[in-house]
Amino acid sequence: MCLAVPGKVVEIGERDGTRTATVDFGGVVKEVCLEYLPDLRVGEYAIVHVGFALQRLDEESARRTLALFEELGMLQEEFGDPWEAAAGPDGAPPSPAGGAGGEAGGGDGNGMTEEARQ
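The sequence shown begins at 23 in my numbering and counts up one residue at a time.
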C-alpha cells in the first residue's frame, strides 16, 4: 500500500537542479522532492506521496496522523525494512521460482555467480 504520509522538513537542499528536502516521518528520514511546494520551509509539515511533497499541513494534524499511523502499524508497513519484508518467515530469502534444489546458472541465491563473488 502506498500512503500519503505527513512529515516535517528538517533540511532543504538541491539535487541535480531540483529543490529537495530531508523530511522526518516520525523517526524515519527520507529525501523528498519539493517541486510541487517550492516555498516549503524548514520546520513546516507536508503530506508526502511517492517521494513528492504535495500539500502543506499544520503541525497538530501531522502529529495526530503520524500517531494514528504508528498505532495501526502503517508506518512500519510503509517504511519498513525492504530486506526484512522480502525475507521468509524464518528470516531466509524466499526460494527461487522454479522449484527446489540448486541454483540455476551457478548462482548463490542472491543473484551472484561464482565468478562475480571472486
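Note that the Cβ used here is the ideal one computed from N, Cα and C, for glycine as well.
query: Contact between the stretch 38-45 and the stretch 87-97 is defined here as three or more beta-carbon pairs at a separation below 8 angstroms; is this criterion met?; result: no
query: In angstroms with no decimal places, state the Cα-to-Cα distance between Val70 and Glu93.; result: 19 angstroms
query: Taking C-beta to C-beta, are Gly29 and Tyr67 nearer than 8 angstroms?; result: yes
query: Sort out for me which residues DSSP pairs Arg63 with in a bridge.; result: According to DSSP, which records beta bridges pairwise, Arg63 is partnered with nothing at all.
query: Could you check what DSSP says for Gly129 in three-state terms: helix, strand or coil?; result: For Gly129, the predicted model reports a pLDDT of 48, less than 50, meaning its position is unreliable; a value from the coordinates is still stated below. Gly129: strand per DSSP, three-state reduction.
query: Here's the rule I'm using: 16 or more other beta-carbon atoms within 10 Å means buried, otherwise exposed. How should Val72 be labelled?; result: exposed
query: Is the distance from the Cβ of Val31 to the Cβ of Arg63 below 8 angstroms?; result: yes
query: Which residues mark the beginning and the end of the beta strand (DSSP E) in which Leu25 is found?; result: It is not in any beta strand (DSSP E) - Leu25 carries neither H nor E in the DSSP assignment.
query: How far does the beta strand (DSSP E) with Glu172 in it extend, from its first residue to its last?; result: It is not possible to answer for residue 172, since the shown part of the chain is limited to 23 through 140.
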